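There are 2 protein chains.
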Amino acid sequence: MRDLGASSRMRSIGIGILGFGTVGAGVVEGLQRNARVIGERLGLMPAVLRIADLDLEADRGVAVEPDTITRDAEAVVRDENVRIVVELIGGTGAAKELVMLALELGKPVVTANKALLAEHGREIFELAERRGVDLYFGASVGGGIPVIRALREGLIGNRINSIHGILNGTCNYILTRMEAEGLEFEQVLGEAQAAGYAEADPALDIDGTDTAHKAVILASLAYGFSVPMSSVATEGIRGISRTDIRYAGDLGYRIKLLAVIKREDSRIEVRVHPTLVPLNTMLASVGGVYNAVMVEGDLVGKTLYYGRGAGRKPTASTVISDIAEVMKNLEGGSRRPLAALAQIGQPAGIMDIGEVVTRYYLRLSLLDRPGVLGRIADILGANGISIASVIQKDISQDDYVPVVIVTHRACEAELNTALGEIDALEIVGAPTVRFRIEE
Amino acid sequence: MRDLGASSRMRSIGIGILGFGTVGAGVVEGLQRNARVIGERLGLMPAVLRIADLDLEADRGVAVEPDTITRDAEAVVRDENVRIVVELIGGTGAAKELVMLALELGKPVVTANKALLAEHGREIFELAERRGVDLYFGASVGGGIPVIRALREGLIGNRINSIHGILNGTCNYILTRMEAEGLEFEQVLGEAQAAGYAEADPALDIDGTDTAHKAVILASLAYGFSVPMSSVATEGIRGISRTDIRYAGDLGYRIKLLAVIKREDSRIEVRVHPTLVPLNTMLASVGGVYNAVMVEGDLVGKTLYYGRGAGRKPTASTVISDIAEVMKNLEGGSRRPLAALAQIGQPAGIMDIGEVVTRYYLRLSLLDRPGVLGRIADILGANGISIASVIQKDISQDDYVPVVIVTHRACEAELNTALGEIDALEIVGAPTVRFRIEE
Chain A
0 MRDLGASSRM RSIGIGILGF GTVGAGVVEG LQRNARVIGE RLGLMPAVLR IADLDLEADR
60 GVAVEPDTIT RDAEAVVRDE NVRIVVELIG GTGAAKELVM LALELGKPVV TANKALLAEH
120 GREIFELAER RGVDLYFGAS VGGGIPVIRA LREGLIGNRI NSIHGILNGT CNYILTRMEA
180 EGLEFEQVLG EAQAAGYAEA DPALDIDGTD TAHKAVILAS LAYGFSVPMS SVATEGIRGI
240 SRTDIRYAGD LGYRIKLLAV IKREDSRIEV RVHPTLVPLN TMLASVGGVY NAVMVEGDLV
300 GKTLYYGRGA GRKPTASTVI SDIAEVMKNL EGGSRRPLAA LAQIGQPAGI MDIGEVVTRY
360 YLRLSLLDRP GVLGRIADIL GANGISIASV IQKDISQDDY VPVVIVTHRA CEAELNTALG
420 EIDALEIVGA PTVRFRIEE
Chain B
0 MRDLGASSRM RSIGIGILGF GTVGAGVVEG LQRNARVIGE RLGLMPAVLR IADLDLEADR
60 GVAVEPDTIT RDAEAVVRDE NVRIVVELIG GTGAAKELVM LALELGKPVV TANKALLAEH
120 GREIFELAER RGVDLYFGAS VGGGIPVIRA LREGLIGNRI NSIHGILNGT CNYILTRMEA
180 EGLEFEQVLG EAQAAGYAEA DPALDIDGTD TAHKAVILAS LAYGFSVPMS SVATEGIRGI
240 SRTDIRYAGD LGYRIKLLAV IKREDSRIEV RVHPTLVPLN TMLASVGGVY NAVMVEGDLV
300 GKTLYYGRGA GRKPTASTVI SDIAEVMKNL EGGSRRPLAA LAQIGQPAGI MDIGEVVTRY
360 YLRLSLLDRP GVLGRIADIL GANGISIASV IQKDISQDDY VPVVIVTHRA CEAELNTALG
420 EIDALEIVGA PTVRFRIEE
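Protein sequence lines, in the order shown, are assigned to chains A and B.
The first sequence begins at 0 in numbering that gives the first Met the number 0 and counts up one residue at a time.
The second sequence begins at 0 in numbering that gives the first Met the number 0 and counts up one residue at a time.
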């Protein structure tokens, strides 16, 4: 064993941590456990000087000097020895005020707060830019996966053609179990809640909002402008049944909740919804709580980043790498411009979901009677939608049979018109189930 | 369209490129095509001032001022306006001299040269460290995949437990086609050569040397010391037959050429060989010419990086990101310490392949006679090797039948002893085929 002399003589940089919850404790524990590795790799030592949390008593499973912790978060931000502010409070209240204060004071900020950036990114990015201060947010998307770093740095030479992401571990866990065990959504959700894999109030996850937050951040990074949450068409996974999972499998697909970000001519589309992806693709292979992001660049082609999208230690891993990066920048007196504001002369408009053109999976409930499928095909055809394949199995349910249609590429608005007409027919027993397909 | 005023007023940094072949031309083309994106993301403009190549005439499909190109590589390195030297010559001759010269002159170097780093890494790293100069080599492993960046920066807070990599696109392409089409190795290799997917002299790829070069670089980065090529047990893919691919599939595995790097107590193992990986894993899903690297860190858990491991544009993507990084460092007057020399107090010893403990796939050729399997089991048992499963199908080949045995975890040296005894038996018709299994 070498002695610690080298490390202890290394220059250290003071860190203030706001929020001593799961991730905050993970960051402190990680910095303690791997201090020497980090110091030797970086040539600098991170020193956690102060930690703010409203709860001074809880046992976080990590030892810190008692006088390090305070309830006064603002004092931590203002402490002149704190040179980097790490915001791990979450939400858009106190977190926003403290992040803005730090940036105003000219202190670089590291945050894992996706809601804050998705909803107030523009204001925060602009302040960071105006004050010439670093803002790192690697853990806001993909937890432990260094995908933000890849977009900001590893793919800096690329124009981004598209991003497809499985960004919510709870949803992916539920879908994986539904398929593996042939269960319905509600049953898996209940068990996931009991086991702690899903929140007591799971709406933010299963309705797609969490994924949309992350999509907004990725789109901003890729295309250099602020994407409002309101422009992201978002559907969650409540409407997925085991029946659809089975049919999708028969057709050679698996259903995933995807964030889809694409450049189409001069505009981009940003959408979040259950999506059929071909079984033989990398994204289809992502099971359980894992996340993955497929990024296609004009030089690099397809790249994929995979790992744990949440959790104490994985998230801490990324927060620590952001802290390390800011330390290097501080040492050199430089900073990273925010690609999220780079306005790189790329498409600046956002497409309405009605303009999206893609293939669709449709599951109709039709009376088992001659000529019925012909009427459906006529309506689709009249709306410019052509059929790629049809599955009709010989199973009757209350006089209605399920018929699954896969379309060729069609425009969403036209599909909606067609489905409006179809679902009004007396031969249709239930609203048509519709999922988009990405190849 | 915004005007280019902002970009043209940006500070630029002079680049010299050594080697104007496939990758060199890709880098110049990428820098030209995406100059504005890069400049706005980085806040600095890369300016290719000089290019050295022995061939001044060839058409590289990219337009450069004629007087930019010279045959005098040393003059490019010494040019005082060239502040970053990009070495894309390859090999360990002129490339080494020029890299050493640049470092001696205090100029940061970007290289994609895996052979150079695998064989002379220690000398080069130490010179860079002594001169306090940046050395970036992202494209030396994984082509367009930013996995070196992930190891150096994104996972900086982690101790690395293991790395499993599919690092050679030619081998992966051959294995993918052998499986998909039920072909033998020689046939696919011939077709791959005809189609330009494999070199006329494919030895470096298919015998595993290229993968071993990359394994050495990854191991150095992960564990902070120089791993000699001679310590890497290396087997290529010539010995894989479609029979083994089929048996592996029956057992729930796919055969991949893997680089395996693992920490075991106080030492590491670094090995390259055909490996059975479970079908339901991400690595098993990597098909065709794609590469992927699974990195497991103590904080982050498992992460995977996937993309094109070679080719003009993907490699250029990574070289450009390295150039961008060095530019940022130069601007701030800072540099990145070389994690490959960080000597992070982690295990420093390298295990001999004989000490490796893993599971094995064995395909024996046995006389179809009662008691034969019992004798094999006895020999394995006497050497401390226990059997997990056996497949014996009812197919006779010249009186001998193939018998496939999967073992529990066993020590390589003991397995070798057992196989020595087994292959000497008169009931054995051909040397036993043996592959390692990674779960």
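All C-beta atoms in this analysis are idealised placements derived from N, C-alpha and C, irrespective of residue type, glycine included.
Just so you know, these numbers come straight off a predicted model, no measurement behind them.
Which full runs of the beta strand (DSSP E) of 3+ residues lie inside the segment 291–369 of chain B, going along the chain?
Here the runs fully enclosed are 300–307, 356–366.
For the structure I just gave you, are there three or more beta carbon pairs, one from the segment 390–409 of chain B and one from the segment 368–380 of chain B, closer than 8 Å?
Cβ pair count under 8 Å is three or more, so yes.
Short Cβ contact (7 Å threshold) for Asn328 of chain B with Gly308 of chain B
Not closer than 7 Å, so no.
Given Cys410 of chain B, which residues of its chain have a CB within under 8 Å of its CB, disregarding the five upstream and five downstream residues?
For Cys410 of chain B, where only same-chain residues beyond five positions count, the Cβ hits under 8 Å are Gly353, Glu354, Val355, Val356, Gly383.
Can you confirm whether Met281 of chain B, when its beta carbon is compared against all beta carbons of chain A, has any partner nearer than 7 Å?
Answer yes: the Cβ-Cβ gap between Met281 of chain B and chain A drops below 7 Å somewhere.
Cβ of Leu329 of chain A within 7 Å of any chain B Cβ
At a cut-off of 7 Å between C-beta atoms, Leu329 of chain A does not count as an interface residue with respect to chain B.
Is the segment 10–25 of chain A touching the segment 309–325 of chain B in the sense that three or more CB pairs, one from each, lie closer than 8 Å?
The segment 10–25 of chain A and the segment 309–325 of chain B do not touch, with fewer than three beta-carbon pairs separated by less than 8 Å.
Buried or exposed: which applies to Leu53 of chain A, given that a residue is buried once 16 or more other Cβ atoms fall within 10 Å of its Cβ?
Counting the other Cβ atoms within 10 Å of the Cβ of Leu53 of chain A gives fewer than 16, which makes it exposed.
Compile a chain-ordered list of the residues in the segment 147–178 of chain B whose CB is closer than 7 Å to at least one CB of chain A.
Against chain A - using a Cβ distance shorter than 7 Å - the residues of the segment 147–178 of chain B are Arg148, Ala149, Glu152, Gly153, Leu154, Ile155, Gly156, Asn157, Arg158.
On a Cα-Cα basis, can you pick out the residue from A:Leu150, A:Val75, A:Ala417 that is closest to Leu104 of chain A?
Comparing Cα-Cα distances from Leu104 of chain A to each of A:Leu150, A:Val75, A:Ala417, the minimum goes to A:Val75.
Give the DSSP-derived three-state secondary structure of Gly419 of chain A in the structure shown.
Under the three-state reduction of DSSP output, Gly419 of chain A falls in the helix class.
Taking its Cβ as the centre, do 16 or more other Cβ atoms sit within 10 Å of Leu366 of chain B, making it buried, or is it exposed?
So Leu366 of chain B ends up on the exposed side.
From which residue to which residue does the alpha helix (DSSP H) around Ile239 of chain B run?
No alpha helix (DSSP H) contains Ile239 of chain B, which DSSP labels as neither H nor E.
Short CB-CB distance (under 7 Å) between Thr302 of chain B and chain A
Chain A contact via Cβ: present.
Under 7 Å by beta carbon: chain B residues contacting Pro336 of chain A:
What Pro336 of chain A touches in chain B: Arg40, Leu41, Gly42.
Could you check what DSSP says for Lys106 of chain B in three-state terms: helix, strand or coil?
Coil, per DSSP.
Cutting at 7 Å between CB atoms, please list the residues of its own chain near Leu337 of chain B, excluding the five before and the five after it.
Here the set comprises Phe124, Ala127, Glu128, Leu134.
Selection from B:Ile254, B:Ser230, B:Glu437 that minimises the alpha carbon distance to Arg237 of chain B:
Among B:Ile254, B:Ser230, B:Glu437, the Cα nearest to that of Arg237 of chain B is on B:Ile254.
Is the CB of Ser320 of chain A under 7 Å away from at least one CB in chain B?
Closer than 7 Å: yes.
Count the other CB atoms within 10 Å of the CB of Arg270 of chain B; is the residue buried (16 or more) or exposed (fewer)?
Counting Cβ neighbours within 10 Å, Arg270 of chain B comes out buried, since at least 16 surround it.
Apply the 10 Å Cβ neighbour rule to His407 of chain A and answer buried if 16 or more other Cβ atoms are within range, or exposed otherwise.
Result: exposed.
Going along the chain, which unbroken runs of the alpha helix (DSSP H) with 4 or more residues stay wholly within the segment 6–60 of chain A?
Taking only runs of at least 4 residues, the alpha helix (DSSP H) segments lying wholly in the segment 6–60 of chain A are 21–32, 34–41.
Which residues in the same chain have their Cβ closer than 6 Å to the Cβ of Gly235 of chain B, if we skip the five residues on either side of it in sequence?
Within the same chain, Gly235 of chain B has close Cβ partners Ile205, Asp206, Gly207.
At the level of alpha carbons, what is the spacing between Asp200 of chain A and Leu182 of chain A?
Inter-residue distance for Asp200 of chain A and Leu182 of chain A is about 21 Å (C-alpha atoms, whole angstroms).
I believe Leu87 of chain B touches Ala323 of chain B by the beta-carbon criterion, under 8 Å. Please report the beta-carbon distance rounded to the nearest angstrom.
Beta-carbon to beta-carbon, Leu87 of chain B and Ala323 of chain B are separated by about 16 Å, too far to satisfy the 8 Å threshold.
Could you name the residues that DSSP lists as bridge partners for His163 of chain B?
The partner list for His163 of chain B (beta bridge, DSSP) reads B:Val259, B:Met293.
Taking the alpha carbon of Ile162 of chain A as the reference point, which residue from A:Pro65, A:Val109, A:Glu268, A:Ser225 has its own alpha carbon closest?
Measuring from the Cα of Ile162 of chain A, the nearest candidate turns out to be A:Glu268.
Where does Leu55 of chain A land, buried or exposed, given buried means 16+ other C-beta within 10 angstroms?
Classification for Leu55 of chain A: exposed.
Using 8 Å as the Cβ pair cut-off and three pairs as the minimum, do the segment 191–199 of chain B and the segment 88–104 of chain B touch?
No: the two stretches stay apart, fewer than three of their Cβ pairs being nearer than 8 Å.
Taking the DSSP output, what are the residues bridged to Phe434 of chain B?
Phe434 of chain B pairs with B:Tyr360.
Backbone secondary structure at Arg253 of chain B - three-state DSSP
Here Arg253 of chain B sits in strand by DSSP.
Between the beta-carbon of Val231 of chain A and the beta-carbon of Ala247 of chain A, is there less than 7 Å?
No, Cβ-Cβ distance for Val231 of chain A and Ala247 of chain A is not below 7 Å.
Pro65 of chain A (DSSP reduced to helix, strand or coil):
Residue state, collapsed to three classes: helix.
Expressed to the nearest angstrom, what Euclidean distance is found between the alpha-carbon atoms of Gly89 of chain B and Leu17 of chain B?
If you take the alpha carbons of Gly89 of chain B and Leu17 of chain B, they lie about 10 Å apart.
Ile267 of chain A: contacting residues in chain B (beta-carbon distance under 7 Å):
Simply none; closest approach about 15 Å.
Return no unless some Cβ of chain A is closer than 7 Å to the Cβ of Arg262 of chain B.
Contact of Arg262 of chain B with chain A is not assigned, every C-beta pair being separated by 7 Å or more.
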